[in-house]
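Listed in order, the protein sequences are those of chains A and B. Sequential numbering from 1 applies to the first sequence in the numbering used here. Sequential numbering from 1 applies to the second sequence in the numbering used here. Beta carbons are placed, not taken as given, at the ideal position from N, Cα and C, and that holds for glycine. As the structure is a prediction and not an experimental result, all values here were calculated from the model. These notes are about the structure you will find just below.
2 protein chains.
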Amino acid sequence: MDEMGIGEFARRSRLSVKALRLYDEMGLLPPSRVESASGYRYYTPDQLERARLIASLRRLDVPLADIAGLVELDGADLAEWLGEHWRVAEDEHATRRRLVNALVVELSGRRDDMYEVKVRDVPERHVLCVKRHVTPAQAWDLGKEFIARLRDARLPRVEGTAGDVFAIYWGEVSEDSDGPVEWCRPVPESAAEALAARLGDLTLRVEPAHREAYVEMGPYEDQRAEDWPLAESALRAWAKEQRLGEGGLAIAPEELGMRVTYAFRPGGPVCDFAAAYAE
Amino acid sequence: MDEMGIGEFARRSRLSVKALRLYDEMGLLPPSRVESASGYRYYTPDQLERARLIASLRRLDVPLADIAGLVELDGADLAEWLGEHWRVAEDEHATRRRLVNALVVELSGRRDDMYEVKVRDVPERHVLCVKRHVTPAQAWDLGKEFIARLRDARLPRVEGTAGDVFAIYWGEVSEDSDGPVEWCRPVPESAAEALAARLGDLTLRVEPAHREAYVEMGPYEDQRAEDWPLAESALRAWAKEQRLGEGGLAIAPEELGMRVTYAFRPGGPVCDFAAAYAE
DNA sequence: CTGGGGCCTGCCCCAAGGGGAGGGTCAAGG
DNA sequence: CCTTGACCCTCCCCTTGGGGCAGGCCCCAG
């Protein structure tokens, strides 16, 4: 029988002795034999394949908890899982790359050419709103639903950009912070009173006139939550350049919220990411 | 004075309250004022910029220890540092991508088309060797030096592939495991005796005849240590296919070592990654 | 039978916070 | 003035995937 001690097995599997003892303890890779008297672990060469697979997965930062399930899969299923895992990793990497680019551009004082900041004046508006606390997952689905409801053709429309549906993020929406988010639809003042009767879960309020700095984020379907902080920082850099309050208070998420406007223009719906400020 | 509590500061900086308390404790981002009676932390808006920078760097997985130094740099230097940091990250990502590809190819049973495994017979040879324990950093420099020494034109050459300089990795070379690595130069048997007199730190030994499975790794200058395990696994997969010992023992790094052959062919030096086995 | 290397368990340590207990503070409303 | 609820404090334990070390067996070769 072709046994070896833990040291040799470690060298040949490219795992550390410490890791092997851990994997034994958690049942992921028990030695083929453990001498009860001494406690010595003995491994056989046919355990190397599993060990090397574990080592590879660890090198890809797959958590041990996942690995425990994965090593029971057959090759094809594991390959499929890896494909999916890698897709996610590529995604995160791309997000980080955008963040690095944005940071470097901002720090080196160059103009950010990724996002062009524009300004628009928004008049006082009567808006129909619905406000919810949502997790990131819900935000997308619920958003779609509310946007559809609010675009309901039977509601009279406000002319121009000021009539687009928008959402206000009053707080951060992430795994452990759930908004709130408010979806809004401007309605003509003339219609507001009549609507007040049949509101349902909607509320009617008046938004003050303000100025918005915004960047265009492209098609609605392509929105990725990770890009919003980049847009936000572009707005902030712009604000600094414009000397809109050195303390960072002119752009005021805490007052008027970060906004995403859904403009259903010809050619498909596109988004703006906007920060309102009160001059 | 435009102070805010830790909660508001957390929201506006996209850092958690917990993180802020930690950064205070370690002096990275102390509040502008701490009420001594209550222990309450109060921050000012002009601290937001630093806080947001820290948050961005953390999102890039920069360790806090590094961040502590980085936030004192000016924009240009920090941008430069980020560029370098990112270059490394891209590198690691590319390495992981190669590993995933290799794994998926191997697991789904497809032939690995990245590396074509070839076989060659190596006759018994007299070799001039120098063996050292080296760290990864040293391996490269020391390797260059020894290869140059061993290629010394005054030594008689063995004809053909069998005459190429090669290195044997007897153990893993990584941050915490230092080899050993042996650099070798075959010499004709006829010259061996005469050489024995003026050996210096070189040793002369006889390598048994064996067969080597190998893959071609491209130019010498492009070698990256991270690719070698991939090549090794390609060899191992090939060995399995050839039924060269199901236990994984026929390919025997533990016996004959993993080899890298430096072939100084016309067109520049290229490397082979080889595993010797004893039929 | 003795030395040296291999191996054992058990304990503490790391980053970068998260979660919660138990208790003090602040500001607004009654 | 009092209460209530939101906010904040410190302290302690928990996480992942091991690394490092202490103190003590074990095993094999000479």
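Report the CB separation of residue i from residue j in whole angstroms; it is logged as a contact under 8 Å.
{"i": "B/Gly75", "j": "A/Gly109", "result": "6 Å"}
{"i": "A/Leu73", "j": "A/Trp86", "result": "That belief does not hold up - the Cβ atoms of A/Leu73 and A/Trp86 are roughly 16 Å apart, past 8 Å."}
{"i": "B/Ile67", "j": "B/Leu57", "result": "5 Å"}
{"i": "A/Tyr115", "j": "A/Val215", "result": "4 Å"}
{"i": "A/Glu124", "j": "A/Glu207", "result": "7 Å"}
{"i": "B/Arg292", "j": "A/Leu60", "result": "Residue coverage of chain B in this structure runs from 1 to 279, which leaves residue 292 of chain B outside it and unanswerable."}
{"i": "B/Leu230", "j": "B/Ala148", "result": "Rounded, the Cβ-Cβ distance is 28 Å, inconsistent with contact."}
{"i": "B/Val122", "j": "B/Glu212", "result": "6 Å"}
{"i": "B/Leu70", "j": "B/Cys129", "result": "With a Cβ gap of about 46 Å, B/Leu70 and B/Cys129 do not count as contacting."}
Please state the DSSP three-state secondary structure of residue i.
{"i": "A/Leu60", "result": "coil"}
{"i": "A/Arg12", "result": "helix"}
{"i": "B/Leu204", "result": "strand"}
{"i": "A/Glu90", "result": "helix"}
{"i": "B/Gly5", "result": "coil"}
{"i": "A/Pro186", "result": "strand"}
{"i": "B/Val158", "result": "coil"}
{"i": "B/Gly267", "result": "coil"}
{"i": "A/Val71", "result": "coil"}
{"i": "B/Pro219", "result": "strand"}
{"i": "B/Glu254", "result": "Caution is warranted here: a pLDDT of 47 is assigned to B/Glu254, below 50, making its placement in the model unreliable, and the coordinate value is therefore given only provisionally. If DSSP states are grouped into helix, strand and coil, B/Glu254 belongs with coil."}
{"i": "B/Arg41", "result": "strand"}
{"i": "B/Arg211", "result": "strand"}
{"i": "B/Arg50", "result": "helix"}
{"i": "A/Arg224", "result": "coil"}
{"i": "A/Asp164", "result": "coil"}
So, for residue i: in the same chain, excluding its five sequence neighbours on each side, which residues have a beta-carbon less than 8 Å away from its beta-carbon?
{"i": "B/Leu29", "result": "Leu20, Tyr23, Gln47, Arg50, Ala51 and Ile54"}
{"i": "B/Ala192", "result": "His126 and Leu204"}
{"i": "B/Gly7", "result": "Val17"}
{"i": "A/Arg151", "result": "Val165, Arg185 and Phe264"}
{"i": "B/Ala2", "result": "A quick correction: the sequence has Asp, not Ala, at residue 2 of chain B. These residues qualify, in order along the chain: Thr44 and Pro45."}
Mind checking residue i: buried by the 16 CB within 10 Å criterion, or exposed?
{"i": "A/Val156", "result": "The identity of residue 156 of chain A in the sequence shown is Pro, whereas the question assumes Val. A/Pro156 comes out exposed."}
{"i": "A/Arg259", "result": "buried"}
{"i": "B/Trp140", "result": "exposed"}
{"i": "A/Met4", "result": "buried"}
{"i": "A/Arg265", "result": "exposed"}
{"i": "B/Ala10", "result": "buried"}
{"i": "B/Glu182", "result": "buried"}
{"i": "A/Val88", "result": "exposed"}
{"i": "B/Arg224", "result": "exposed"}
{"i": "B/Asp91", "result": "exposed"}
{"i": "B/Glu246", "result": "Confidence is the limiting factor: at B/Glu246 the pLDDT is only 44, short of 50, which leaves the residue's position unreliable, though a coordinate-based value still follows. Result: exposed."}
{"i": "B/Ala234", "result": "buried"}
{"i": "A/Ile106", "result": "Here residue 106 of chain A is Glu; the residue named in the question, Ile, does not match the sequence. Buried: at least 16 other Cβ atoms inside 10 Å."}
{"i": "A/Ser190", "result": "exposed"}
{"i": "A/Ser36", "result": "exposed"}
{"i": "A/Ala94", "result": "exposed"}
{"i": "A/Ser32", "result": "exposed"}
{"i": "A/Gly267", "result": "exposed"}
{"i": "A/Arg14", "result": "buried"}
{"i": "A/Arg154", "result": "exposed"}
{"i": "A/Ala237", "result": "buried"}
{"i": "B/Val34", "result": "exposed"}
{"i": "A/Ala209", "result": "exposed"}
{"i": "B/Ala194", "result": "exposed"}
Could you name the residues of the same chain whose beta carbon sits closer than 6 Å to that of residue i, not counting the 5 residues immediately before and after it, in chain order?
{"i": "B/Met217", "result": "Cys271 and Phe273"}
{"i": "A/Pro188", "result": "Pro156 and Val158"}
{"i": "A/Glu232", "result": "none"}
{"i": "A/Glu84", "result": "none"}
{"i": "B/Lys131", "result": "Pro180 and Glu182"}
{"i": "A/Leu142", "result": "Val134"}
{"i": "B/Arg41", "result": "Ile6, Pro31 and Val34"}
Excluding sequence positions up to five away, which residues of its chain have a Cβ less than 7 Å from the Cβ of residue i?
{"i": "B/Tyr220", "result": "Tyr262, Pro269, Val270 and Cys271"}
{"i": "A/Lys118", "result": "Tyr214"}
{"i": "B/Pro253", "result": "Residue confidence for B/Pro253 is low, a pLDDT of 46 falling below 50, so the modelled location carries little weight and cannot support an answer."}
{"i": "A/Trp228", "result": "Phe273"}
{"i": "A/Leu99", "result": "Leu230"}
Return yes when the C-beta of residue i is under 7 Å from any heavy atom of the ligand COA, and no when it is not.
{"i": "A/Glu35", "result": "Within the structure as shown, the ligand COA is missing, as the structure has no ligands at all."}
>> My parser needs the beta strand (DSSP E) runs of 3 or more residues fully inside the region 99-155 of chain B; what are they?
In response: 118-122 and 125-132
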